[in-house]
């Protein structure tokens with residue numbers, strides 16, 4: 001059976017594609033971190049929403065995220081997901097890689113609901129960048 | 001100032017080098033996961049201790065872990081650390097990479113103490129392995 005976090009990430013990707021950022025923000029913890037690009041972090045729902053609006057605009061409102069191979073490491077109420085993240089967009093050239101090995105950290109609420117705490121699509125590639 | 005998690009990871013590395021596994025296990029959550037190698041996971045303190053004993057033996061009791069560049073993404077009581085992990089040992093040849101881009105997930109207890117929940121020294125390289 002597909003891991004519940006795979007379905008969860010698919011829902012996030014759909015919300016990004018539809019630019020339904022209010023729905024998307026429900027999937028994040030209040031103090032979640034989004035790595036917008038190497039060296040730029042958004043923290044908290046307000047900053048993350050602004051970042052997603054800017055990202056959508058950058059990709060001329062045509063961004064479609066999808067996931068390839070995915071590995072879930074689940075330790076109680078904490079999970080690390082490593083995923084091939086594949087971005088497509090109408091924009092011809094971007095300064096960012098469109099195929100990434102992402103790292104996502106999720107927390108389970110006392111109600112049993114998973115939420116994204118750390119959204120880092122750049123994965124360990126950040127190590128060689130100055131963050 | 002050096003991030004508290006850098007100091008924490010240094011303490012873990014010292015405990016591994018000294019093979020002081022009882023001290024080391026204090027740094028993990030009860031349901032922590034250790035990726036022993038691609039395809040093999042230890043979960044919980046008992047399994048993790050056995051794994052560290054086997055790892056020490058594999059490296060002929062000469063394993064010295066150290067960290068290079070490290071990035072900490074902290075979101076409230078959850079943190080993702082990405083780190084260049086460098087292993088040295090007297091053993092001449094091993095089947096495992098000695099320089100890795102590791103991913104470690106930490107949880108902060110209500111008492112403000114960080115504990116390791118997910119210890120994956122292989123980072124996103126697991127994606128191309130069958131875990």
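Residue numbers (UniProt numbering), protein chains in the order written: chain A, 1 to 131; chain B, 1 to 131. Every residue gets a Cβ at the ideal spot worked out from N, C-alpha and C, and that includes glycine.
My understanding is that residue i touches residue j, with C-beta atoms under 8 Å, so please give their C-beta distance in whole angstroms.
i             : j             : result
residue 103/A : residue 123/A : 5 Å
residue 25/B  : residue 12/B  : Not confirmed; about 10 Å, so no contact.
residue 86/A  : residue 66/A  : 5 Å
residue 36/B  : residue 120/B : Rounded, the Cβ-Cβ distance is 10 Å, inconsistent with contact.
Exposed or buried, residue i, counting other C-beta atoms within 10 Å across all chains shown (16 or more means buried)?
i             : result
residue 91/A  : exposed
residue 9/B   : buried
residue 53/A  : exposed
residue 150/B : Residue 150/B falls outside the range modelled here, since chain B spans only 1 to 131, and no answer is possible.
Give the DSSP-derived three-state secondary structure of residue i in the structure shown.
i             : result
residue 178/B : The structure shown has nothing for residue 178/B, since chain B only spans 1 to 131.
residue 106/A : strand
residue 131/A : The pLDDT assigned to residue 131/A is 38, lower than 50, so where the model puts this residue is not dependable; a value taken from the coordinates is nonetheless given after this. Three-state result, residue 131/A: coil.
residue 132/B : Nothing can be reported for residue 132/B: it is not among the residues displayed for chain B, which extend from 1 to 131.
residue 79/A  : strand
residue 47/A  : helix
residue 92/B  : coil
residue 125/A : helix
residue 10/B  : helix
residue 52/B  : helix
residue 61/B  : coil
Per DSSP, residue i is paired with what?
i            : result
residue 98/A : DSSP output for residue 98/A lists no bridge partner at all.
residue 15/B : None; residue 15/B has no bridge partner.
residue 34/A : 42/A, 119/A
residue 74/B : 79/B
residue 66/A : 86/A
Would you mind stating whether residue i and residue j have Cβ atoms separated by less than 8 Å?
i             : j             : result
residue 72/A  : residue 89/A  : no
residue 82/B  : residue 126/A : yes
residue 42/B  : residue 51/B  : yes
residue 6/A   : residue 30/A  : no
residue 78/B  : residue 4/A   : no
residue 101/B : residue 84/B  : yes
residue 61/B  : residue 113/B : no
residue 48/B  : residue 28/B  : yes
May I ask whether a heavy atom of the ligand ADP can be found less than 7 Å away from the beta carbon of residue i?
i            : result
residue 77/B : What this structure holds is no ligand at all, so the ligand ADP is not there to describe.
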